[in-house]
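Numbering (this note's numbering), first residue to last: -2 to 562.
A virtual CB, placed ideally from N, CA and C, is assigned to each residue, including glycine.
All values derive from a computational prediction rather than experimental measurement.
Down below is the structure, laid out as structure tokens.
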């Protein structure tokens, strides 16, 4: 009975209800979700759990920890969308229990509950726990490393232990996504030192402990190669991390204000509620200062970095939701500008939901929108056959009511009960749109081509994309590891030998591009021993349309598939 009454038991049950159901109801999104799931699938097929591969070739962009989590889930639940996303659902359950624990320990139960409600009731923070991307676990490990630095700055007696755990969490973060975690935590520690007028909260022994325990876990992954004198993978891995800072990778260049805009729209309403305290220094509360520093260090770093992806600023979610919870716990009346910004963003979402519905459901509206679009691929995405029933328009009106209710509530004196109803309503709303609207949106974006890939599942065929990068054809055709006598692989090996390249391991991006060009030329021009399918986006298919050896076998949703005769 005591366990049932425990707040942690209640949080675990409620967060499980929020994050676990319907995880497999939508295809994995290309690139990031499918990328990691495909790496996990290939680990299971090859039995090689140390080295990450994509298309059974070395993949150096990400470390393996999150992929190992997916492997465990796939071993239990099969290779599917549910298993690929389950690790983040678990992360959501763990995160909610941890922020409740930290909020209650440092402040009170009231703030802890606000923290959970703000996190659950904000769009992208909620959504990420139902996704198959790396960032939720990565963000949690970095946050926990910062929490240990905070604890070390507050309690000298346990300082060594805190620096040890900080190192462990940083090592886990490094194994999840990469060394940027060390940069972020290091900068946060340095900025706190400045804000604290260089009052030292560590010594050289603390730093040595931190470095030692940061290195221990990653070394289990890197060391076997180093002992063999092989530093190629480490070199390529670090080179890729540096490239993310130096230049836009994979067409992900965006303006400097990209991440602030993403946060205002995605982390709504938590980010707006937190705004009055994002820079305020009058409170003189250490943990609040650490969270402010974490928020701004993350935002500034990833606004400077040339590669800008929506996931990068997701580390702001934990500090932003805490700062918002702190604001709510103070029973302060919302500022007028805050309230009108909430109304503005809420109206934007209501219009967006209505717009998406009418594009899918109304032929007349669809035709008007299409007449304004010059991109034929986008037009065909819109025209992809999707079963809009008509009830989906209700979501636009429901969210409008939620927004107006929140606006009216916040105009008056603080009313904790009304604000909780507003945030719970948002939480339920997000839960429902992910069930009823997201599958339809996904179908417009990629559902058609993935449905085609699934018709090839298990067949011994070659499937290649032309003119765009994708991982979907690997995962959804369940591509086999090439056999030793595979014609295409043997031709590629001969090509590599002629150029003195090591096909088995040491391929940089430039050499891979040359090999892919050779492979496509070979599949275009030579007779091979398997059926060959080429996938391209509409508008990039002139050669395939005119060449006699290709037959159009699929044309839907902006994608065309040609089979070689």
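- With a 10 Å radius around the Cβ and a threshold of 16 neighbouring Cβ atoms, residue 39 comes out buried.
- Using a C-beta cut-off of 8 Å, the segment 146 to 161 makes no contact with the segment 317 to 333, since fewer than three inter-stretch Cβ pairs fall below that distance.
- Runs of the alpha helix (DSSP H) spanning 4 or more residues and lying entirely within the segment 310 to 376 occur at 314 to 326, 333 to 358 and 360 to 367, in chain order.
- In this structure, the CA atom of residue 3 is about 45 Å from the CA atom of residue 235.
- Contact between residue 264 and residue 317 holds, since their C-beta atoms are separated by about 6 Å, short of 8 Å.
- Residue 546 sits in coil when the DSSP states are folded into three classes, being neither helix nor strand.
- Taking 8 Å as the cut-off, the beta carbon of residue 20 is found no closer than this to the beta carbon of residue 117.
- When the five nearest sequence neighbours on each side are left out, the beta carbons in the same chain lying within less than 6 Å of the beta carbon of residue 49 are those of 36, 56 and 61, in order along the chain.
- DSSP places residue 456 outside any beta strand (DSSP E), giving it a letter other than H or E.
- Uninterrupted alpha helix (DSSP H) stretches at least 4 residues long and entirely within the segment 169 to 217 occur at 177 to 192, given in chain order.
- Relative to residue 444, the option among 276, 295, 552 and 17 whose CA is nearest is 552.
- Within the segment 77 to 114, the complete alpha helix (DSSP H) segments at least 4 residues long are 78 to 103, listed from N- to C-terminus.
- Within the DSSP secondary-structure output, residue 48 pairs in no beta bridge.
- DSSP places residue 516 in the helix class (H, G or I) of the three-state scheme.
- Look at residue 463 here: in three-state DSSP terms it is strand.
- Between the C-alpha atoms of residue 447 and residue 289 there is a straight-line separation of about 42 Å.
- Bridge pairing for residue 553: 556 [DSSP].
- By the neighbour-count criterion, in which 16 or more other beta carbons inside 10 Å mark a residue as buried, residue 530 falls on the buried side.
- In this structure the segment 73 to 81 does not lie against the segment 298 to 311, because fewer than three pairs of beta carbons, one per stretch, are closer than 8 Å.
- DSSP, reduced to helix, strand and coil, places residue 561 within a strand of the structure shown.
- Between residue 533 and residue 520, the C-beta spacing is not below 8 Å.
- The C-alpha of residue 98 is placed about 16 Å away from the C-alpha of residue 138.
- Look at residue 55 here: in three-state DSSP terms it is strand.
- Here residue 457 is exposed: its Cβ has fewer than 16 other Cβ atoms, across all protein chains shown, within 10 Å.
- Here the alpha carbon of residue 210 sits roughly 17 Å from the alpha carbon of residue 186.
- Residue state for residue 531 is assigned as strand, using DSSP reduced to three classes.
- Looking from the CA of residue 466, the closest CA among 17, 52, 6 and 22 belongs to 52.
- For residue 65, the enclosing alpha helix (DSSP H) covers residues 62 to 74.
- Around the Cβ of residue 32, a 10 Å sphere holds 16 or more other Cβ atoms; the residue is buried.
- Nearest in C-alpha terms to residue 47, of all of 151, 413, 216 and 159, is 216.
- By the C-beta criterion, the segment 421 to 432 is judged to be in contact with the segment 393 to 405, since at least 3 inter-stretch pairs fall below 8 Å.
- DSSP places residue 237 in the helix class (H, G or I) of the three-state scheme.
- Secondary structure of residue 380 (DSSP, three-state): helix.
- When only Cα atoms are considered, residue 167 and residue 379 end up about 43 Å apart.
- In the structure shown, the three-state DSSP call for residue 434 is coil.
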